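J.: Okay, here's the structure, questions in a sec.
In mature numbering (1 follows the signal peptide of the UniProt record, and there is no 0), the protein residues as written are -15 to -1, 1 to 311.
In structure tokens, the structure reads:
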């Protein structure tokens, strides 16, 4: 999940090395980085890049072209037909659909992006959305499409002109069982991304890392630089909602307005709770509680993981963790 430091006696470069290292998109995700396989795929191989980017990466102009843009230099067209660029590198996991439909909708102040194959029904999670009620905010987004060799789009915050989502990296792929879209991350203040292990709440952008989104476990290994965020989907279609906030609290409210509020948890589950795997005994747990209180951090519940069991056996307990904290 982290960078690999490589010492190479022979430097190998196939093709054009003009793509800036921090903007390179992995052309062989989940595979051994073989120079010949990389070249046969139509991608570039650069073994001199040390640890800052994938060894095998896509050319800069990988993706689709727009057939009906009203202005190549920038337009807010809300429905665009996309054609797979015949000169573009092929999808490593199947044949890309030849044509896609790009649509963006205004949900009040929020923006909704959808990319799907033309004339084909695709799987969509059966989750009802309250998308008929507009999102109200002092902020608003505009979606701008442009074409410079390949089609790309930006989601722009109207009040500041900031690019919230910028796909000018290229790399759009859309096959039956492998979908990929890339964006330049506008800030290093990024949180969340599904269920994954990380030592800090704020994600570390100094390492290559894959985050499993809407998954129940750690993601497979990958080596994409986090200056760009490469979303990979194994089925369905691309759907992205953008909530303007502007505060984090307002983003959560706007998100819940769309999907609905969660069920109220039981009373005993409320409050600030702390747990982790690997406590050595009751003394360490007591020290954790004491440090929380000394730091003035609210805490209502402290509990341990499955290491409270004796050798992880059901209906047993570890005698080192058998005392009750008061």
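Every residue, glycine too, gets a C-beta built ideally from N, C-alpha and C.
This structure is a prediction, so every number in the text was calculated from the model and none was measured.
Is residue 317 helix, strand or coil when you go by DSSP?
T.: Residue 317 lies beyond the stretch modelled for the chain, which goes from -15 to 311, so this question has no answer here.
J.: Using 10 angstroms around the beta-carbon of residue 299, count the other beta-carbons present and answer buried if the total reaches 16, otherwise exposed.
T.: Flag for residue 299 reads exposed.
J.: DSSP three-state label for residue 23, please.
T.: Here residue 23 sits in helix by DSSP.
J.: Between the beta-carbon of residue 49 and the beta-carbon of residue 11, is there less than 8 Å?
T.: Their beta carbons are not under 8 Å apart, which means residue 49 does not touch residue 11 by this criterion.
J.: Under the rule that 16 or more other beta-carbon atoms within 10 Å means buried, what is residue 23, buried or exposed?
T.: It is buried - the Cβ of residue 23 has at least 16 other Cβ atoms within 10 Å.
J.: Pop quiz: residue 151 and residue 164 are said to be a contact at Cβ under 8 Å. What is the actual Cβ separation, rounded to whole angstroms?
T.: Contact doesn't hold; Cβ gap of about 19 Å is too wide.
J.: Below 6 Å CB to CB, which residues in the same chain sit around residue 239 once its five sequence neighbours on both sides are set aside?
T.: Hits under 6 Å: 120 and 228.
J.: Determine the direct distance from the alpha carbon of residue 85 to that of residue 40, and round the result to whole angstroms.
T.: Cα to Cα, residue 40 sits roughly 30 Å from residue 85.
J.: Taking Cβ to Cβ, would you say residue 366 is nearer than 8 Å to residue 64?
T.: Absent from the structure is residue 366, since the part of the chain shown begins at -15 and ends at 311.
J.: Could you work out which residue in 62, 80 and 72 is closest to residue 90 when comparing CA atoms only?
T.: Measuring from the Cα of residue 90, the nearest candidate turns out to be 62.
J.: Within the continuous alpha helix (DSSP H) that includes residue 330, where are the two ends?
T.: Only positions -15 to 311 of the chain appear in this structure, which leaves residue 330 out of reach.
J.: Does the distance between the C-beta of residue 22 and the nearest non-hydrogen atom of the ligand FMN fall short of 7 Å?
T.: By its list of ligands, the structure shown contains no ligand whatsoever, and the ligand FMN lies outside what it can speak to.
J.: Sort 115, 253, 108 and 57 by Cα distance to residue 246 and report the nearest one.
T.: Checking every option, the nearest Cα to that of residue 246 belongs to 115.
J.: Could you pull the DSSP bridge partners for residue 142 from this structure?
T.: In the DSSP output, where bridge partners are listed per residue, residue 142 has 126.
J.: Rounded to whole angstroms, what's the CA-CA distance from residue 188 to residue 171? Just pull it up for me.
T.: Near 14 Å, if we compare the C-alpha coordinates of residue 171 and residue 188.
J.: Between residue 287 and residue 259, what straight-line distance do the alpha-carbon atoms span, to the nearest angstrom?
T.: Each residue's Cα considered, the two are about 5 Å apart.
J.: Using 8 Å as the threshold, is the segment 261 to 276 in touch with the segment 120 to 140, meaning 3 or more CB pairs across them?
T.: Judged by Cβ distances under 8 Å, the segment 261 to 276 makes no contact with the segment 120 to 140, as fewer than three pairs qualify.
J.: When we look at the beta-carbon of residue 253 and count the other beta-carbons within 10 Å, is it buried (16 or more) or exposed?
T.: It is exposed - the Cβ of residue 253 has fewer than 16 other Cβ atoms within 10 Å.
J.: Which of helix, strand or coil does DSSP assign to residue 291?
T.: Helix.
J.: Using only the alpha-carbon positions, how far apart do residue 296 and residue 304 sit?
T.: Going from the Cα of residue 296 to the Cα of residue 304 covers about 11 Å.
J.: Buried or exposed, going by whether 16 or more other CB atoms sit within 10 Å of the CB of residue 159?
T.: Buried is the call here.
J.: In terms of DSSP beta bridges, what is residue 51 paired with?
T.: DSSP, once it has assigned bridges, lists 67 as partnering residue 51.
J.: Answer with buried or exposed for residue 290, where buried requires no fewer than 16 other C-beta atoms within 10 angstroms of its C-beta.
T.: Residue 290 should be labelled exposed.
J.: Going straight from the alpha carbon of residue 162 to that of residue 78, what length do you get?
T.: The alpha-carbon atoms of residue 162 and residue 78 are separated by roughly 7 Å.
J.: Determine which residues share a DSSP beta bridge with residue 227 and list them.
T.: 96.
J.: Using DSSP with H/G/I as helix, E/B as strand and the rest coil, what is residue 31?
T.: Of the three classes helix, strand and coil, the one that applies to residue 31 here is strand, per DSSP.
J.: If you draw a straight line from the alpha carbon of residue 149 to that of residue 99, how long is it in whole angstroms?
T.: Cα-Cα distance, rounded: 16 Å.
J.: Express the C-alpha separation of residue 292 and residue 263 in angstroms, rounding to a whole number.
T.: Each residue's Cα considered, the two are about 7 Å apart.
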